[in-house]
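A.B. asks:
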Amino acid sequence: MIIRLTDCPSRPWKNGLGRTREIAVQPPASGGDDFLWRVSVAEVDSAAPFSSFPGIDRQIALLDGAGFTMTLDDGRVHALTTPFAPFAFAGEAKVDVVLAGGPTRDFNLMVRRAQARGEVLLWHEPATRRPDPTTVLVFCARGSIDTAGGRLHVGDAWRPPPRTVDPLTLREGALALVVRIESHAR
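Those letters in the sequence shown? Residues 2 to 187, by the working numbering.
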């Protein structure tokens, strides 16, 4: 299934201090307190602190703009200024932000840590690839990507059907953020 970012409505952050577009959530239609995992694109227009998500592991990657510096309550400082480089942190961390320039957009993965583990991988070489069974979403961050269901352009995402063997083809100059989720054994 192809998801167009332009079809995802912009909504306020949990703390009301920014905006986000939810691309995918599992289980479908779950809310901020009961999702297993969630992928979104946030619009950061000001130095607003991040929303708190206790029990959630987060990964963030800069998509557009100059980025920002994150100061976490554990003393870590991270400059999110390199495009497409994922940074992981705990969702319950207090995170203050200082913009490096104007507005930015970033890609976000949130995973409920007691139930699963997630990662964001970067695919950037032109090639045909087969996603592994843990791949839940492929986001086109640059260029275009061909799937069995059609072509992805910047901002589009693809949710592979369960047990898919369909390949993806990254065209010259394409870059994909690939989300993988592994549920913990029960």
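We treat Cβ as the ideally placed atom computed from N, Cα and C, and that holds for glycine. Being a predicted model, the structure only gives us computed values, none of them experimental.
Going straight from the alpha carbon of Val42 to that of Arg164, what length do you get?
C.D. replies: 26 Å
A.B. asks: List the DSSP bridge partners of Leu176.
C.D. replies: Arg143
A.B. asks: For the structure I just gave you, are there three or more beta carbon pairs, one from the stretch 132-142 and one from the stretch 20-36, closer than 8 Å?
C.D. replies: yes
A.B. asks: What do you reckon, are the CB atoms on Asp107 and Ile182 nearer than 7 Å?
C.D. replies: no
A.B. asks: Looking at the unbroken beta strand (DSSP E) that takes in Val166, where does it start and where does it end?
C.D. replies: Looking at the DSSP string, Val166 is not in any beta strand (DSSP E), and its letter there is neither H nor E.
A.B. asks: Ordered along the chain, which non-local residues of its own chain (more than five positions away) have a Cβ less than 6 Å from that of Thr129?
C.D. replies: Pro168 and Thr170
A.B. asks: If you count every other CB in all the chains shown that lies within 10 Å of the CB of Pro134, and 16 or more means buried, which is it?
C.D. replies: exposed
A.B. asks: If you follow the beta strand (DSSP E) that Phe108 is part of, which residue opens it and which one closes it?
C.D. replies: Thr105 to Arg113
A.B. asks: Thr72 lies in the beta strand (DSSP E); which residues open and close that run?
C.D. replies: Phe69 to Leu73
A.B. asks: Please report the straight-line C-alpha distance between Ala49 and Asp97, rounded to a whole angstrom.
C.D. replies: 7 Å
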